[in-house]
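Visitor: Next up is a structure, given as structure tokens.
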Amino acid sequence: MVEWVQQADGIWQYIALFLISILPLLDVFYIIPVGIVLEMSPVAVGIIAFSGNFIMVLVFAMFFRQISEWRNKRREKKGKSEPSKRETRARHIWEKYGLPVFSLLSPSLLGTDLAALTALLLGSSRIRVITWMGVSLVIWSILMTVGSVYGLKYVNWI
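Residue numbers (the working numbering): 358 to 515.
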């Protein structure tokens, strides 16, 4: 996928990065450093990574009921009744700290998309999940952009 962004020129490079940022599990932790290494505008890369990830949060919030029904049917078919290790870890953080801390920590633990879905599965309202995941994404996007710009310059990668 990085080659796809590298091969594009001008505005198409930014569009390619945006399309990749929409994909599940490709969070700001991956997208921003890639854009910075490819010598794209750090501000634009941060905004693009935020936008792509936030769109997926909105999609999961809008279609939560359908996703939840599909997930339950799938689990029943496989005969799974126990929660996974990720779900157990997420539930522990959720019960101990609540949605705000879960939203701030989850991009580094689960990924933004899965964190939003998990928060919805744990019973949060859509508006609160969208708000807190948005705040979390803004913070992580800024941290990753600044960290990538100065960190990659420090190790002479750009």
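Backbone N, C-alpha and C define an ideal beta-carbon position, used for all residues, glycine too.
For Lys453, which three-state DSSP category applies?
Guide: In the sequence shown, the residue the question calls residue 453 occupies position 96. Residue state, collapsed to three classes: helix.
Visitor: Measure the C-alpha to C-alpha separation of Gly367 and Gly403 and round it to an integer number of angstroms.
Guide: Within the sequence shown, residue 367 is the residue found at index 10, counting from 1. Within the sequence shown, residue 403 is the residue found at index 46, counting from 1. Those two C-alpha atoms are separated by around 17 Å.
Visitor: If you check the beta carbons only, do Ala473 and Leu466 fall under 9 Å apart?
Guide: For this step, residue 473 is matched to residue 116 along the sequence shown. For this step, residue 466 is matched to residue 109 along the sequence shown. Going by C-beta atoms, Ala473 is not nearer than 9 Å to Leu466.
Visitor: Residues in the same chain with beta-carbon distance under 8 Å from Ile450, minus the five sequence neighbours each way, listed in chain order, please.
Guide: Residue numbering aside, residue 450 sits at position 93 when the sequence shown is read from its first letter. Hits under 8 Å: Val458, Phe459, Leu462, Ser463, Leu466.
Visitor: Can you grab the Cα-Cα spacing for the pair Ser493 / Leu376, in whole Å?
Guide: Your numbering for residue 493 matches position 136 in the sequence shown. Your numbering for residue 376 matches position 19 in the sequence shown. One C-alpha to the other measures close to 21 Å.
Visitor: If you measure from the CB of Ser481, is any heavy atom of the ligand GDP nearer than 8 Å?
Guide: The ligand GDP is not part of the structure shown, which contains no ligands of any sort.
Visitor: DSSP three-state call for Met490: helix, strand or coil?
Guide: Your numbering for residue 490 matches position 133 in the sequence shown. Looking at Met490 - three-state DSSP - the assignment turns out to be helix.
Visitor: Using a Cβ-Cβ cutoff of less than 8 Å, which residues in the same chain neighbour Ile412 once the five nearest sequence positions on both sides are dropped?
Guide: Here residue 412 is taken as the residue at index 55 of the sequence shown, counted from 1. So the qualifying residues of the chain are Ile379.
Visitor: Report the option in Pro381, Gln370, Phe421 whose CA atom is closest to the CA atom of Ala476.
Guide: Locating residue 476 in the sequence shown gives position 119, counting from the first residue. If we check each option's Cα against that of Ala476, Phe421 comes out closest.
Visitor: According to DSSP, simplified to helix, strand and coil, what is Glu396?
Guide: Position 39 of the sequence shown, counted from the first residue, corresponds to residue 396. Three-state result, Glu396: coil.
Visitor: How big is the Cα-Cα spacing for Pro440 and Ser482?
Guide: On the sequence shown, position 83 is the one that residue 440 refers to. On the sequence shown, position 125 is the one that residue 482 refers to. Taking the straight line joining both Cα atoms gives about 21 Å.
Visitor: Just verifying my parser: in three-state terms, what is the DSSP assignment at Asp470?
Guide: Residue mapping note: residue 470 aligns to position 113 of the sequence shown, counting from 1. Residue state, collapsed to three classes: helix.
Visitor: Thinking C-beta only, is Pro381 closer than 9 Å to Met501?
Guide: Within the sequence shown, numbered from 1, the residue matching residue 501 stands at position 144. Within the sequence shown, numbered from 1, the residue matching residue 381 stands at position 24. For Met501 and Pro381, no; Cβs fall outside 9 Å.
Visitor: Throw me the rounded Cβ distance for the Ala406 and Ile388 pair, which I believe falls under 8 Å.
Guide: Residue mapping note: residue 406 aligns to position 49 of the sequence shown, counting from 1. Residue mapping note: residue 388 aligns to position 31 of the sequence shown, counting from 1. Indeed they touch by this definition, with Cβ atoms about 4 Å apart.
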